[in-house]
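For what it's worth, our numbering labels the leading residue of the sequence shown as 8, then goes sequentially. Ideal Cβ positions, reconstructed from N, Cα and C, are used throughout, including at glycine. All values reported here derive from a predicted model rather than from experimental measurement.
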Amino acid sequence: MSCGAVSPDGALKRAAPGFADIDWSRPWFAQVAARGVRWQQAALRGAAQQLREMNADAGSAVITTGRGKRLTFIPQDELPPGTAYEAHIAATGCVPTRHNLHDFFNALTWFQFPRIKAALSARGSAAVDALGIGPTRGDTRDALTVFDENAVLFACSDPALSTALQAFSWKTLFVAQRAAWDERCEVRCFGHALLEKLVTPYKACTGHAWIVEVPSAYFTWTRAARDSFLDDTVARVLLEGAGFSSQMFAPLPVLGIPGWWADNETESFYDDASVFRSGRRSRVAPDGKIAASKVGQAVAASLVSAGEGEESPDSTGQGDG
Numbered sequence: 008m009s010c011g012a013v014s015p016d017g018a019l020k021r022a023a024p025g026f027a028d029i030d031w032s033r034p035w036f037a038q039v040a041a042r043g044v045r046w047q048q049a050a051l052r053g054a055a056q057q058l059r060e061m062n063a064d065a066g067s068a069v070i071t072t073g074r075g076k077r078l079t080f081i082p083q084d085e086l087p088p089g090t091a092y093e094a095h096i097a098a099t100g101c102v103p104t105r106h107n108l109h110d111f112f113n114a115l116t117w118f119q120f121p122r123i124k125a126a127l128s129a130r131g132s133a134a135v136d137a138l139g140i141g142p143t144r145g146d147t148r149d150a151l152t153v154f155d156e157n158a159v160l161f162a163c164s165d166p167a168l169s170t171a172l173q174a175f176s177w178k179t180l181f182v183a184q185r186a187a188w189d190e191r192c193e194v195r196c197f198g199h200a201l202l203e204k205l206v207t208p209y210k211a212c213t214g215h216a217w218i219v220e221v222p223s224a225y226f227t228w229t230r231a232a233r234d235s236f237l238d239d240t241v242a243r244v245l246l247e248g249a250g251f252s253s254q255m256f257a258p259l260p261v262l263g264i265p266g267w268w269a270d271n272e273t274e275s276f277y278d279d280a281s282v283f284r285s286g287r288r289s290r291v292a293p294d295g296k297i298a299a300s301k302v303g304q305a306v307a308a309s310l311v312s313a314g315e316g317e318e319s320p321d322s323t324g325q326g327d328g
């Protein structure tokens, strides 16, 4: 792990985590570990070597961005001044990339869920085309950024589990229904800022959950088949669904997921109300059902504001050029 340094006032300050700090045995990295280990070794040798390794994979994978351009990774300083990050990717296929963990995980996600990333690129660039670049990003671009940076995909075949997530019923979801995990629900980390934070995990680390309804048979499929289903389903909804906004996520403290953190084997782990919150507004409608919006047939989402999560609307560090 990175070493700490003593500041002038005597306080111990930890150095920012780097490529050498990634522990690929963590369950949240399992989905990208095979490629990630190889890229990590290249990144440790330098920025040019990292880009070379990424582009070698891009050249053989035939991944396209929002407007059908072949995916390529370029140095950050090749992004033209005044050009919107999303629009540049959609128009050219070139993803401006810095030599840091944030952009490292962003690139890995392009290979893990290429259709979702392309859909985000397409919608983001369309929003720029419609509204231009201004002092604020607008609701749609804010929501797209929250998804890109901090989303987790909550794949679920049991509506009762989705209801528990939306209702902040943490002990139902994580304790009473513990055996349901990997049999009726599971989580895939999508947001690259979330993956970056999980290099040095902490209890309050929270993702924005996008609920994906899956068939029961999903949990018998291979990991590759599951990922392909999620990629296709979510991308289709992102491109076709109306009313996409930051309100369409449910907060999910990811270290509460069974099997993801040793401390959560003890029920009292979930008694920490600063992490496992009761929610800011009631989720239960007069008929006793959870109040939720649903976009398309495959995705349900709770009525949660983006402010309840951890990422700001523009946490990419890329800005608008």
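Would Gly73 be called buried (16 or more neighbouring beta carbons within 10 Å of its own) or exposed?
buried
Between the Cα of Leu108 and the Cα atoms of Asp28, Glu193, Lys210 and Asp279, which residue gives the shortest distance?
Check the Cα spacing between Leu108 and each of Asp28, Glu193, Lys210 and Asp279: the tightest is with Asp28.
Over the uninterrupted beta strand (DSSP E) stretch that includes Leu205, give me the two end residues.
Run containing Leu205: none; DSSP gives neither H nor E here.
With a threshold of 8 Å, are at least 3 pairs of Cβ atoms found where one atom belongs to the stretch 251 to 266 and the other to the stretch 208 to 215?
yes
Is the CB-CB distance between Arg77 and Gly100 below 8 Å?
yes
Measuring straight from C-alpha to C-alpha, what distance separates Glu156 and Ser132?
16 Å
Phe226 (DSSP reduced to helix, strand or coil):
DSSP places Phe226 within a helical segment (H, G or I) once states are collapsed to three.
Using 8 Å as the threshold, is the C-beta distance between Phe181 and Arg284 below it?
no
On the CB-based measure, 16 or more other CB atoms within 10 Å of its CB, does Tyr92 come out buried or exposed?
buried
Burial state of Tyr209 (16 or more Cβ within 10 Å)
Counting Cβ neighbours within 10 Å, Tyr209 comes out exposed, since fewer than 16 surround it.
Whole angstroms are fine: how far does the CA of Phe26 sit from the CA of Ala232?
29 Å
Where Phe197 falls: helix, strand or coil (DSSP):
coil
Anyone know if the C-beta pair for Tyr4 and Ser169 falls short of 8 Å?
Outside the shown range of the chain (8 to 328) lies residue 4, about which nothing can therefore be said.
Kindly confirm or deny that the stretch 118 to 133 and the stretch 233 to 249 touch, where touching means at least three C-beta pairs closer than 8 Å.
yes
Pull up the distance between the alpha-carbon of Asp189 and that of Met61, whole angstroms please.
31 Å
What are the partner residues of Phe161, as DSSP defines its beta bridges?
Val194 and Ile218
Where are the beta strand (DSSP E) runs, 3 residues long or more, that stay fully inside the stretch 53 to 83, in chain order?
79 to 82
Less than 6 Å between C-beta atoms, sequence neighbours within five positions excluded: which residues of the same chain meet that for Asp6?
Nothing about residue 6 can be reported from this structure: the residues present for the chain run from 8 to 328 only.
Is Ala23 helix, strand or coil by DSSP?
coil
Using a threshold of 8 Å, state whether the C-beta atoms of Leu201 and Val159 are closer than that.
Yes.
Determine, using beta carbons only, whether Val219 comes closer than 8 Å to chain C.
Among the protein chains of the structure shown there is no chain C, as only one such chain exists.
DSSP three-state assignment for Val102, whether helix, strand or coil:
strand
Taking 8 Å as the limit between beta carbons, can you name the residues of its chain near Gln38, skipping five residues before and five after?
Gln119, Arg195, Cys196, Arg230 and Asp234
Report all residues from its chain with a CB closer than 6 Å to the CB of Gly198; omit the five preceding and five following residues, and keep chain order.
Glu156, Asn157 and Ala158
Below 8 Å CB to CB, which residues in the same chain sit around Tyr277 once its five sequence neighbours on both sides are set aside?
Trp177, Lys178, Phe181, Val182, Gly263, Asn271 and Phe283
Taking DSSP as the reference, what is the three-state secondary structure of Pro88?
coil
Could you check where the alpha helix (DSSP H) with Ala167 kicks off and where it finishes?
Pro166 to Gln173
Taking the alpha carbon of Ala79 as the point to measure from, which residue in Ala97, Ala150, Asp149 and Ala50 has its own alpha carbon closest?
Looking at the sequence itself, residue 79 is Thr, so the reference to Ala does not match. Cα-wise, what sits closest to Thr79 is Ala97.
Just curious, the alpha helix (DSSP H) that Ala114 is in, first and last residue?
Leu108 to Gln119
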